[in-house]
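Contents: one structure, followed by commentary.
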Amino acid sequence: MTALARNWPWFLLALAVAATTHLVSIRIIPHLVMARVLDRVGPMDAVRHGRRPDENSRAVVRPSPDLLYSTCPYDLSAGPVRVTAPVPPGTYWSVSAFDADTDNFFVENDRQAADRVDFVIARHAAAARAHGLPVVVSPTNRGLILFRTLIDDEKRLGEIDRVRRQAACGRLKR
Amino acid sequence: MAEAGQRRSWRTQPYGDGEKLPFPGKIAGSLCGGGESGLGMRIVWKAVASGLAGVALGLLATGLVLRGGMPGGVVDGPWQTSLTIGSAGGDALTRAQVALHGLFALNRGETIYYTARRDDGGEALTGDCRYRVSGRDPATRWWSITAYGADDFLIPDPGRHYSVSKNSVTRDAHGRFAATVSAAPAEGDWIRVAHAPFSLTLRLYNPEPGVAADPAHAALPSIEKVACG
Chain A
0 MTALARNWPW FLLALAVAAT THLVSIRIIP HLVMARVLDR VGPMDAVRHG
50 RRPDENSRAV VRPSPDLLYS TCPYDLSAGP VRVTAPVPPG TYWSVSAFDA
100 DTDNFFVEND RQAADRVDFV IARHAAAARA HGLPVVVSPT NRGLILFRTL
150 IDDEKRLGEI DRVRRQAACG RLKR
Chain B
0 MAEAGQRRSW RTQPYGDGEK LPFPGKIAGS LCGGGESGLG MRIVWKAVAS
50 GLAGVALGLL ATGLVLRGGM PGGVVDGPWQ TSLTIGSAGG DALTRAQVAL
100 HGLFALNRGE TIYYTARRDD GGEALTGDCR YRVSGRDPAT RWWSITAYGA
150 DDFLIPDPGR HYSVSKNSVT RDAHGRFAAT VSAAPAEGDW IRVAHAPFSL
200 TLRLYNPEPG VAADPAHAAL PSIEKVACG
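As you go down the protein sequences, you meet chains A and B in turn.
Just so it is clear: in the first sequence, position 20 is 19 by numbering that gives the first Met the number 0, and no numbers are missing.
Just so it is clear: in the second sequence, position 7 is 6 by numbering that gives the first Met the number 0, and no numbers are missing.
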């Protein structure tokens, strides 16, 4: 108790530093996690089709073994990126986008997209409007587009996999 | 020396006793108290030690609050979810939890993710026990129940018994299904776990509007402990 009474300013300082460290670390964790994933999922502005998740799938936590995931990490600092994909028929499918802080700012599923999607992801709506394509505005330069395709029937796995592999993303040509 | 003069001026304050001085006075008091040359160093040392202890304590607190897994708040039987998963509107803690334990989760209009770490009786789920997960199809376009190890990854099984889903389960005449969750092989619908703590994720893809609006009152499967050992 005497040690505490004599050193209370230092205890206060330690507590203030602890509170600040705690709040700052909670805030930057999403950004750190996303930066690590973007470094690990493959080349920028290109789709990578993941194999069906199993116990060796350790790039992203809690994958669903019933979904096929395709990813396109993007970097808009050099310009907008175009995303095209046919929608596999008769099963759940979605395309979603996550910014550099892991926030999900866009999602469209098979029911909303009809038979295919074709859009541009850009920092500013005006940057890509000239191309006449729908524009999805990303809050940050870097982020990730994620395609999910449900394997609703094991017998259809081959067919579903073939269609989902036609998804593509790449730098928008001027 | 000006510095020495300043130190002495502190000494001439009515507070003769350094112990009773307020914070700045205390530092000054200990700076001049006894006039030893090592006192400045002692203060620097104390400041560094306090700072390091603070950083360590802050990181420890962060580690502790993030250990719990996916964010909760909304409770439906043994299942928990949060209304703000997959939305930028989530608070900092929810977003950190999702980034660590459920990265790339979608918003609840698209998918609701429920997590169970305990059975119906409130006991932690462990592969040392056998569980019966049963119920009717939740009100959604598609659903699945998947087991994950404490590391948030799928639990090894060469037969791919990672999950049961709307497409895979067998239902009785009343539309009820019952799956076994255990480390040892089981008849019928079976999710394999290891002899270790695990958790279950219930995914509802394109949930009915009523479920998305009120995820605490969805009719979800029960998780019943059958036997242990």
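All C-beta atoms, glycine included, are put in the ideal place defined by N, C-alpha and C.
This structure is a prediction, so every number in the text was calculated from the model and none was measured.
**Report entry** Counted within 10 angstroms of its Cβ, other Cβ atoms place Leu105 (chain B) as buried (16 or more) or exposed
**Finding:** Note on Leu105 (chain B): 16 or more other CB atoms within 10 angstroms of its CB, so buried under the neighbour-count rule.
Query raised in the report: How many whole angstroms separate the CB atoms of Tyr91 (chain A) and Asn205 (chain B), which I take to be in contact at a CB cut-off of 8 angstroms?
Result: The pair is a contact, with the Cβ atoms about 7 angstroms apart (cut-off 8 angstroms).
Query raised in the report: Between Phe103 (chain B) and chain A, is there a C-beta pair that is closer than 7 angstroms?
Result: Yes - at least one Cβ of chain A is within 7 angstroms of the one on Phe103 (chain B).
Query raised in the report: Are any of the Cβ atoms in chain B nearer than 7 angstroms to that of Tyr73 (chain A)?
Result: Not closer than 7 angstroms to any Cβ of chain B, the Cβ of Tyr73 (chain A) fails to qualify, so no.
Requested in this report: Alpha carbon to alpha carbon, how far is Pro79 (chain A) from Pro21 (chain B)? Give it in angstroms, no decimals.
Outcome: Low per-residue confidence applies at Pro21 (chain B): pLDDT is 47, beneath 50, and the placement is therefore not dependable, though the value from the model is reported in the following sentence. Roughly 59 angstroms between the two C-alpha positions.
**Report entry** Reduced DSSP secondary structure (H/G/I, E/B, other) of Phe103 (chain B)
**Finding:** Residue state, collapsed to three classes: coil.
**Report entry** Cβ contact check for the stretch 145-155 of chain A and the stretch 95-106 of chain A: 3 or more pairs under 8 angstroms
**Finding:** Judged by pairs of C-beta atoms under 8 angstroms, the stretch 145-155 of chain A touches the stretch 95-106 of chain A, as three or more such pairs exist.
Query - C-beta atoms of Pro29 (chain A) and Thr101 (chain A) nearer than 7 angstroms - result: Thr101 (chain A) is positioned such that its CB atom lies closer than 7 angstroms to that of Pro29 (chain A).
**Report entry** Min CB distance Ala211 (chain B) to chain A below 7 angstroms
**Finding:** Not an interface residue.
Query raised in the report: Would a check of beta-carbon distances place His194 (chain B) closer than 7 angstroms to chain A?
Result: Under the Cβ criterion of 7 angstroms, His194 (chain B) is not counted among the residues facing chain A.
Query raised in the report: For a contact meaning CB atoms closer than 9 angstroms, what does His123 (chain A) contact in chain B?
Result: Per Cβ cutoff of 9 angstroms: no residues; His123 (chain A) is ~18 angstroms from chain B at best.
Report task. Would you kindly work out how many angstroms separate the C-alpha atoms of Phe105 (chain A) and Gly89 (chain A), rounded to a whole number? Result -> Looking at the two C-alpha atoms, the distance is approximately 22 angstroms.
**Report entry** For Ala124 (chain A) and Pro157 (chain B), the rounded distance between their alpha carbons
**Finding:** About 48 angstroms.
Query raised in the report: chain B beta carbons: is any one of them nearer than 7 angstroms to that of Ser69 (chain A)?
Result: Cβ-Cβ to chain B under 7 angstroms: no for Ser69 (chain A).
Requested in this report: Take Gly33 (chain B) and list the residues in its own chain whose beta-carbon comes closer than 6 angstroms to its own, dropping the five residues that flank it on each side.
Outcome: Reliability fails at Gly33 (chain B), whose pLDDT of 46 lies under 50, so the model's placement of it is uncertain and no value is given.
**Report entry** Beta-carbon proximity list for His194 (chain B), same chain, < 6 angstroms, skipping 5 on both sides
**Finding:** Cβ within range, chain order: Gly126, Asp127 and Ala182.
Report task. Kindly confirm or deny that the stretch 45-61 of chain A and the stretch 107-125 of chain A touch, where touching means at least three C-beta pairs closer than 8 angstroms. Result -> Touching, no.
Query raised in the report: What is the DSSP secondary structure of Glu153 (chain A), counted as helix, strand or coil?
Result: Under the three-state reduction of DSSP output, Glu153 (chain A) falls in the helix class.
Report task. Please report the residue range of the alpha helix (DSSP H) in which Lys45 (chain B) lies. Result -> Leu38 to Leu65 is the span of the alpha helix (DSSP H), which, as asked, contains Lys45 (chain B).
Query raised in the report: Would a check of beta-carbon distances place Trp92 (chain A) closer than 7 angstroms to chain B?
Result: Under the Cβ distance rule, Trp92 (chain A) does not count among the residues neighbouring chain B, no pair being separated by less than 7 angstroms.
Query raised in the report: Listing by chain order, which chain A residues have their CB less than 9 angstroms from the CB of Gly200 (chain B)?
Result: Sequence inspection shows Thr at residue 200 (chain B); the Gly mentioned does not correspond to that position. Simply Arg61 and Ser63.
Query raised in the report: Using a C-beta cutoff of 7 angstroms, does Glu107 (chain A) count as contacting chain C?
Result: This model lacks chain C altogether; the protein chains it does include are A and B.
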